[in-house]
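Participant: Can you keep this structure in mind? I'll have questions shortly.
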């Protein structure tokens, strides 16, 4: 049963990656930029929950809501202050700015909370569920369920609501969407808010799973989630979810059957493989350049 | 023997036949026109001929060799050069450097000789400079040699694009709406230049143009494209009297 | 005739200029105006100049966004260090060997990846950077996470300075030649470049390999200056640091890269006292610089130094 347990382990980390990857993919789809700071939003989300629960002694529910709202606001403000002025300029300036935001948040939290890891509050009693001999921790189960629920709600939102339609329109052709009377600025803000809000949930799951948080937790998590987004086909929400789960499982298998030192290498290897074989990702479509 | 010959050339995008059964040939030193309504597939034909798109059917023979499965770079080196409907210069490079890129293979000094500043390097660079300047002179652009290409006025940018294409010493030059966006005087001037270019460089030219009068005025033969197929092919006189063309194209314009 | 004369004259002027700088620096170091500590900073600054100007060839002139320069640097560093540690070869053999191996790795990575563009290329080069680091972390010969110790500290200012001059000379020579024009045309418009007969893939790889070669050289110099190597030095943050130098100095502008590399190595040293806030400040400067640059509020170093006229042509 070890094999299936590994799959479950993988799916639970994968669920966390998926939530982050969805944020990445949405922002990329609409703002056409890699938000390198997205990983740091997750770190911020985890710290907000920590501050509200441990330091302010607020109930769990309030902490979670505060974390989501805080991250959503952070996402919107970052976009307005740092990314909006660069809209339409080369991807290099945008990339460097995003890296700048990422450094800024990392070092700000380093100054505020120190480099030592903080203990994340226990929101849920740790324990395992035994279903037909397969052991699953409660947290794994929660992580997986949250991912599926969030993806479901998001897909419904994007495909069935007016705002969702506006988002798809902006992603398809920003200029045309603007001419159709869609407020592009608001749509982009909304995308950042949703993406960052999902990041907050991922941050809380991270805290619960690893029970320690530090200012650097977002860096590698962000990169891996981005890889998941590329794997699924960037701009594609279902793709990001599947990509996240695949990355999680691949990592769990490497740790279990090869060596934990190679888990990052395997993830990067997957990225290289997919970009060389099918750059558009598993669910992406190829775009041809117009001459 | 024809310089360029296409047989049953076609390409599909998804289910759509953008170009279908395109049969055409052009001889050395000829000036041909390719006309047709918007969306008829004129630029797609250029993209097929230059290897930007790979045809889904048919054959292209250029100078006795097939162009199928050849890359745009190879095709350009074989002797087909082109310009673009929406000007695509190397904007941040100087006017003369744009032409010099086209002259890349006119000299063959090595990277090593460039780094070690060997005589071959200086000889090669001087030759390139001279050739580039004489090309600019043909288009009356020499005084702008050191300006950035993006700072040239529109009409001169089009001319520079032709100069750059000629720098690759083509046997066939494809011009995609060279007069687009020009006023009548500029257009007339450009057409004169095109005639001169053909004489001076003795090359074949195929041009896409919307201005019927202009095409009729300078082209020896004209192909009319409609819905991706050749509707008519002949001298300006024949085209003018072709009832199909009149109804499909000219008729709707007048 | 005039062209050759001009170029030879410029070369002579640059040579005299660099000799003067070298003389002044050597005088200041031997007379103690520049102490041991600052001499070290200067050597690191020179290594960064090599890194920035070589990345400028790939990112500035060729226009390909890459985030893996530190990977090539680490290959050069480890190979150079191992050549001296195990083969007891003199410094220059290690440097050249390291640079060649780095160029080889650049070739192997470049061939498949340079088909990708923009953000995708950036992320795949980052992935290769990380994979190289993980390999260094797991090999026996590199001594894993504990790193290499006791590398002969042979790098001195003279050697570094010669390498800087050579790097800049070679890269500028490439840029000025027909190969350089081909490389720049790829940045400007890849499709138009192909349709002007330029074998774009070949020249992309050429630029990438030259760029990796000099990154390897810089790595070798670094290894022999520090005397020790850890895989963690060469993570993607190092690549970002080099890219930032290129961007702030101006894409496709070697002089800008030199100035940016000097400033970004020397200025932070003055902020040692505020160590905690140093990175925070760096981040703010980075964001502000990008936004101001976009709004054209700071004059581009590029325009100032470039001889090409930028005024509008009027009829």
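Protein chains in written order, with our numbering: chain A, 1341 to 1631; chain B, 318 to 571; chain C, 77 to 391. Backbone N, C-alpha and C define an ideal beta-carbon position, used for all residues, glycine too.
1. At what residues does the alpha helix (DSSP H) containing residue 315/C begin and finish?
2. When you compare each of 395/B, 364/B and 388/B to residue 382/B by their alpha carbons, which one comes out closest?
3. Specify the secondary structure class of residue 339/B as computed by DSSP and reduced to three states.
4. Kindly list, in the order they appear in chain A, the residues whose Cβ is closer than 9 Å to that of residue 196/C.
5. Exposed or buried, residue 1348/A, counting other C-beta atoms within 10 Å across all chains shown (16 or more means buried)?
6. Between residue 1561/A and residue 1417/A, how many whole angstroms is the CB-CB distance? I'm expecting something under 8 Å.
7. Output the distance between the C-alpha atoms of residue 120/C and residue 113/C, rounded to the nearest integer angstrom.
8. Does the beta carbon of residue 1448/A sit closer than 9 Å to a beta carbon anywhere in chain C?
9. Against residue 419/B, what residues of chain E qualify as contacts under a CB-to-CB distance less than 8 Å, listed in chain order?
10. Nearest chain C C-beta to residue 1429/A closer than 9 Å, yes or no?
11. Taking only beta-carbon positions, decide if residue 1373/A is within less than 9 Å of chain C.
12. Is residue 404/B helix, strand or coil by DSSP?
13. Mind checking which residues open and close the beta strand (DSSP E) that includes residue 399/B?
14. Could you check if residue 91/C is buried or exposed, using at least 16 other CB atoms within 10 Å of its CB as the buried criterion?
15. Counting along the chain, where does the alpha helix (DSSP H) carrying residue 437/B start and finish?
16. Would you report the Cα separation of residue 401/C and residue 1380/A, rounded to the nearest angstrom?
17. Compile a chain-ordered list of the residues in the segment 439-472 of chain B whose CB is closer than 8 Å to at least one CB of chain C.
18. Let me see if you follow: with CB-CB separation under 9 Å, is residue 355/C close to chain A or not?
19. Of all the CB atoms in chain C, is at least one closer than 9 Å to the CB of residue 1635/A?
20. Answer with buried or exposed for residue 99/C, where buried requires no fewer than 16 other C-beta atoms within 10 angstroms of its C-beta.
21. Could you please give me the residues that DSSP links to residue 547/B through a beta bridge?
22. Counting only beta-carbon separations shorter than 9 Å, does residue 307/C have a partner in chain A?
23. Counting only beta-carbon atoms, is residue 1382/A nearer than 9 Å to chain C?
24. Cβ closer than 9 Å: which chain C residues qualify as neighbours of residue 1451/A?
25. Distance check for residue 339/C and residue 405/B, CA to CA, integer angstroms please.
26. Mapping DSSP to helix, strand and coil, what is residue 1355/A?
27. Does the separation of the CB atoms of residue 1509/A and residue 1522/A fall below 9 Å?
28. Starting from residue 258/C, find everything on chain B with Cβ-Cβ shorter than 7 Å and list it in chain order.
29. Please state the DSSP three-state secondary structure of residue 493/B.
30. For the beta strand (DSSP E) that contains residue 324/B, what are its first and last residues?
31. Measure the Cβ-Cβ separation of residue 1581/A and residue 1491/A and say whether it is below 9 Å.
32. In chain order, what residues of the same chain have a beta carbon less than 6 Å from the beta carbon of residue 156/C, not counting five sequence neighbours either side?
33. Could you tell me the alpha carbon to alpha carbon distance between residue 1410/A and residue 1601/A, rounded to whole angstroms?
34. Residues in the same chain with beta-carbon distance under 6 Å from residue 110/C, minus the five sequence neighbours each way, listed in chain order, please.
35. Does the beta-carbon distance from residue 539/B to residue 352/B come in below 9 Å?
36. Between residue 250/C and chain B, is any beta-carbon pair separated by less than 9 Å?
Facilitator: Here's the rundown:
1. 312-325
2. Comparing Cα positions, the closest option is 395/B.
3. strand
4. By Cβ distance, chain A contributes 1570, 1574, 1615 and 1619.
5. buried
6. Going by Cβ atoms, the distance from residue 1561/A to residue 1417/A rounds to 21 Å, so no, they are not a contact pair.
7. 11 Å
8. yes
9. Given the protein chain composition of this structure (A, B and C), no chain E is represented.
10. yes
11. yes
12. Residue 404/B falls in the coil class under three-state DSSP.
13. Note, residue 399/B: beta strand (DSSP E), 397-399.
14. exposed
15. 436-455
16. Since the displayed chain C opens at 77 and closes at 391, residue 401/C lies outside it and no answer follows.
17. Answer in chain order: 439, 441, 442, 443, 445, 446, 461, 463, 464, 465, 468, 469 and 470.
18. yes
19. Lying outside 1341 to 1631, the shown extent of chain A, residue 1635/A is not represented and no answer is given.
20. Exposed, by the Cβ-count rule.
21. Per DSSP, 542/B.
22. no
23. no
24. 352, 353 and 356
25. 37 Å
26. helix
27. yes
28. In chain order: 418 and 421.
29. strand
30. Element bounds for residue 324/B: 321-330.
31. yes
32. 170, 171, 174, 296 and 299
33. 34 Å
34. Cβ neighbours of residue 110/C beyond the five flanking positions: 104.
35. yes
36. yes
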